[in-house]
Structure formats: C-alpha cells, structure tokens
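Written out below as structure tokens is the structure these notes cover.
Residue numbers (this note's numbering): 1343 to 1617.
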C-alpha cells in the first residue's frame, strides 16, 4: 500500500513527538541502528562530547559538525581543564587581558556611561556540553535534522530497519536543517581555545546588550552597539577580527595574536581499568 507524502510527513512528526518525550537511553533503544552508526562514525576525540549528549537528534547534529570539520577536528578541539589552567599562567593570557582592557577603555571613553562586560575565561567542554543540551534553538535544529533523516532513510514513515554507514555519512555532511544552530558543537567552539571573545554592552553594572541572537535587531543594530563596538576593537584590539557574520553575532570577535597561542600539554590519561 502506498502512503502519500503528506501522510508520511504526518507519521514522521508523530514519531518525532514520541522521541521528544523519551529520555536519552530510550532514544538508543528506539533507533539502535542509528545509535551504532553515530558511534562508528564519531571521529576522535568527539566521543568525549557525544557520549554526554543523551538526546539522539542533538547527538546527530553534533556529529554533523564533527564530520564536516574533517582533519582539522583534533587541532581545533577545546582545551581540557589542565590546559585552561596552564594558559592562565602564560604571557599570552596576560596579553589577551591587556588587549581586552584597552578595548574596554576605548569603548568607555567613546560612549560615556557605558562599558563592556567580558568573561575572558576559556569555555570548558563541560560548559559547552551543558549549553548544547539545554539550548532550545539547538533542539529545534536537531529535530529538523531528525525529520530530514526519517524522510531520507525511512520507508513510508517507518524507522529504517538498517542504515548504510557511508550513505548516512555522506547525507549527514551535506544536510542543512532550516534552523541554524546558534552554538558550535561541543568541543569545537573557538571559545574553548581562547580564540574568541564575546563583548557585551553594560550600563551601571548591568548588561543591556547581551550575546543573544534575539536582541540583534532590537538592540545591537537599533542602538548602534554593533558599530560602536567594532570601532573600539578596530582602534584598540589589533589581534581581534570580526564580528562573526555566519551566523550573525555582532558581539563575537576572533582572537588571533601575531605570535599565535601557546601549545599546551593536555592532562595525562588516567590509568587503565582492568575488567
């Protein structure tokens, strides 16, 4: 019996609703083939993050980013806590802080009564994973990706009984959910290697132009904070480039000092545990 595309889409939406109401382990039981394929395709060191994303659609969305990163993934992977602590003791960290302070001073002088709020701490993998698991827009993008997966690999709205790994990998690399994730997948955020800083506008100790995509038009562009920040960074932040344009984040600037950032030794792996 043939099922019309409209009915198929309706069935898929019902299945997605069921998935959304399940806990992480239930996802794995419902789509064991997909779970196994994701585990098989996960390039090192992405399993550090994927194993801590319980929601299967979000896990698939993260894998999409890791696969698209290709051979650059290991070198762009976020620092661990040992590396973050080591960076804070380096001249490179002092140089970063000095440049942030200079940008803040220029901005305050050019915009009396206003200043910049910056959290310069490197964004750990733990923080990135927590944000990925909680962000509603990431969830929407992941749900769209899962819907696309079921349309591409399902049959008459049913879960695929088997998934060909190479076909799935090729499809996932080129997939484009309608809703773009506002966050980089955990582990590959530039904030995880001191390679990006978010500048937010504050007044009397309160942030009035936050790092929030819903505020870009109503605050950043309407009040001109995007251009005012850019002027201060151009004047006092020679190591910063930006802002980020894809996706649009007028507060996000990449940090690329002339001497580069230091190579930091990761934590030693723990002892092997025998069965």
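Built from N, CA and C at the ideal position, the CB exists for glycine as well.
- prompt: Would you call the CB atoms of residue 1541 and residue 1458 closer than 8 Å?
  reply: As a working mapping, residue 1541 is identified with position 199 in the chain shown. As a working mapping, residue 1458 is identified with position 116 in the chain shown. Their beta carbons are under 8 Å apart, which means residue 1541 touches residue 1458 by this criterion.
- prompt: To which residues of the same chain is residue 1470 closer than 6 Å at the C-beta, ignoring the five residues directly before and after it?
  reply: As a first step, residue 1470 is located in the chain shown; it is residue number 128 there, counting from the start. Counting only Cβ-Cβ distances below 6 Å, and skipping sequence neighbours, we find 1528, 1531.
- request: With a floor of 4 residues, list each alpha helix (DSSP H) that falls wholly inside the region 1494-1557, ordered by position along the chain.
  value: 1507-1516
query: Using the beta-carbon count (16 or more within 10 Å), is residue 1522 buried or exposed?
result: Within the chain shown, the letter at position 180 stands for residue 1522. Exposed, since its Cβ has fewer than 16 Cβ neighbours within 10 Å.
- prompt: So, are the CB atoms of residue 1524 and residue 1486 less than 8 Å apart?
  reply: By 1-based counting over the chain shown, the position of residue 1524 is 182. By 1-based counting over the chain shown, the position of residue 1486 is 144. No, they are not a contact pair.
- prompt: Rounded C-beta distance between residue 1513 and residue 1543? I'm assuming under 8 Å.
  reply: Locating residue 1513 in the chain shown gives position 171, where the first residue counts as 1. Locating residue 1543 in the chain shown gives position 201, where the first residue counts as 1. Actually they do not touch by this definition, with Cβ atoms about 42 Å apart.
- prompt: Which same chain residues, not among the five before or five after residue 1619, have their C-beta less than 7 Å away from its C-beta?
  reply: What is shown of the chain runs 1343 to 1617, which leaves residue 1619 out entirely.
message: Once DSSP output is grouped into helix, strand and coil, what is the label at residue 1596?
response: Your numbering for residue 1596 matches position 254 in the chain shown. DSSP places residue 1596 in strand when its eight states are reduced to three.
task: Pull up the DSSP beta-bridge partners for residue 1460, would you.
output: Residue numbering aside, residue 1460 sits at position 118 when the chain shown is read from its first letter. In the DSSP output, where bridge partners are listed per residue, residue 1460 has 1541.
query: Counting pairs of Cβ atoms below 8 Å between the region 1570-1580 and the region 1438-1457, do you hit three or more?
result: yes
task: Give the straight-line distance between the Cα atoms of residue 1496 and residue 1502, rounded to the nearest whole angstrom.
output: To locate residue 1496, count along the chain shown from 1; it is residue 154. To locate residue 1502, count along the chain shown from 1; it is residue 160. The straight-line gap from Cα to Cα measures roughly 5 Å.
- request: Give a yes or no on contact between the region 1403-1419 and the region 1553-1569, applying the rule of three or more CB pairs nearer than 8 Å.
  value: no
- prompt: Buried or exposed: which applies to residue 1545, given that a residue is buried once 16 or more other Cβ atoms fall within 10 Å of its Cβ?
  reply: By one-based count along the chain shown, residue 1545 stands at place 203. Its Cβ having fewer than 16 others within 10 Å, residue 1545 is exposed.
- prompt: Between the C-alpha atoms of residue 1587 and residue 1574, what's the straight-line distance to the nearest angstrom?
  reply: Residue 1587 sits at position 245 when you count from the first residue of the chain shown. Residue 1574 sits at position 232 when you count from the first residue of the chain shown. If I take the Cα positions, the gap works out to 18 Å.
- request: Using a threshold of 8 Å, state whether the C-beta atoms of residue 1602 and residue 1420 are closer than that.
  value: In the chain shown, the residue the question calls residue 1602 occupies position 260. In the chain shown, the residue the question calls residue 1420 occupies position 78. Contact: no.
field: Three-state class that DSSP yields for residue 1590 in the structure shown
entry: Position 248 of the chain shown holds residue 1590. DSSP places residue 1590 in strand when its eight states are reduced to three.
field: Alpha-carbon to alpha-carbon, residue 1377 and residue 1506
entry: Position 164 of the chain shown, counting from 1, holds the residue named residue 1506. Position 35 of the chain shown, counting from 1, holds the residue named residue 1377. Their backbone Cα atoms lie some 13 Å apart in a straight line.
field: Neighbour-count burial assignment, residue 1287, 16 or more Cβ in a 10 Å radius
entry: Residue coverage of the chain in this structure runs from 1343 to 1617, which leaves residue 1287 outside it and unanswerable.
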